[in-house]
Amino acid sequence: MAKVLFLLLAVLVAVSAVKIFIKKKLGDELTQTFRDKGEALSRDSRFLNESEGQRCRLRQYLTQTGEDAKAFILSEFPHLKIYILRDGSPVTMDYRFDRVRIFVDEQGVVVRTPHIA
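Numbering (mature numbering (1 follows the signal peptide of the UniProt record, and there is no 0)), first residue to last: -17 to -1, 1 to 100.
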């Protein structure tokens, strides 16, 4: 039992040492990179999800094809990943600032207002 506890303690110490090493060597550079990217994606998220004018512009695609909606979104936000899915398809529940899902019916017509998710 003592050996198991000693091994667990050694693993915890090693993990802590690795975290400290990563923070010292990469922390500042990675933190700034992710902060810059996060701020840009967050601005896009607010624009696509909260701007009433943008929502109205995206609602116009409810009678259009998914490909037309995708082209419109990519023209304004080229760094976003756009996925066209059949309505009712299973999707992950994680929230991504760089992903837009466009749900379409059997004919490929948009059935929900696209938004970042």
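Virtual Cβ for every residue (Gly too), placed ideally from N, Cα, C.
**Asked** Just reading off the beta strand (DSSP E) that Leu63 is part of, what are its end residues?
**Response** First-last for Leu63: undefined, no H or E at that position.
**Message:** Which residues does DSSP list as the beta-bridge partners of Ile99?
**Reply:** Val83
**Prompt:** Asp51 and Asp70: beta carbons closer than 8 Å?
**Reply:** no
**Asked** Using DSSP with H/G/I as helix, E/B as strand and the rest coil, what is Thr75?
**Response** coil
**Asked** Cβ of Ile85 within 8 Å of Cβ of Ile99?
**Response** no
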